[in-house]
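Below is one structure, written out as structure tokens, with a few remarks after it.
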Amino acid sequence: MAIMDWVSRYVLSWELSATLEVDFCIRALKKALSLTFPEIFHSDQGSQFTSVDFIKKLQEKNIAISMDGRGRTMDNIFTERLWRSVKYEEVYLNDYQTVRGAKEGISRYLAFYNQERPHQSLDYRTPDEVYCDSRNYKNRPICNLTLAN
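Note that the UniProt record's numbering has the sequence shown beginning at 1, numbered continuously upward.
Spelled out as structure tokens, the structure:
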């Protein structure tokens, strides 16, 4: 799972898990909230995001909750597009032998995605350039972070 700033497509945090338990999503949320403070958190209606524990973390920070309509992947298009890019540009090209290897490869890819991969929708700038240059954020992370897991 990844937490992304929708304006810039900047990946703030991510976690990889082989289960649908909520703990890894809460870890990713805590990492993201250590960098920035969103007004709205948008997700699909997965069991992790509708769990009492996850909702409670958002409510504790007074973050508005927005969720896709059931089965409407287009409502979460930026995150869906991110994972498509991760799969086709990283995962399918590598034969990971271990979960650790997969995490390391995805971590490198997401650093590349944030810092080096230009986006047509961002006028061929990187998410890092757009996120760090934006004047619309009250709390900004230290830019050029490596998304190590």
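Every residue gets a Cβ at the ideal spot worked out from N, C-alpha and C, and that includes glycine.
The beta carbons of G101 and E90 sit no closer together than 8 Å. For D5, there is no enclosing alpha helix (DSSP H); the residue is part of the beta strand (DSSP E) that begins and ends at A2 to D5. Three or more Cβ pairs drawn from the region 25 to 39 and the region 6 to 14 lie within less than 8 Å of each other, which places the two stretches in contact.
In the DSSP assignment, S43 falls within the beta strand (DSSP E) that extends over I40 to S43. When rounded, the separation of the alpha-carbon atoms in Q48 and P118 is 31 Å. Straight across, the Cα-Cα distance linking C132 with Q120 is about 18 Å. Residue pairing by DSSP puts Y10 in a beta bridge opposite D5.
Runs of the beta strand (DSSP E) spanning 3 or more residues and lying entirely within the region 82 to 124 do not occur at all. Annotation: A32 is outside any beta strand (DSSP E); the continuous alpha helix (DSSP H) that includes it extends over D23 to L33. A Cβ-Cβ distance of about 6 Å is found for the pair L82 and A2, placing them in contact under the 8 Å criterion. In the three-state reduction of the DSSP assignment, I65 falls in the strand class. Nearest C-alpha to I40 among I55, S51 and Y92: I55. Its Cα nearest to that of M67, the residue D44 stands out among D44, L16, L58 and R125.
Its Cα nearest to that of T98, the residue L16 stands out among D5, S8, L16 and F37. Using a 10 angstroms sphere on the CB of E116, the tally of other CB atoms stays under 16, which defines it as exposed.
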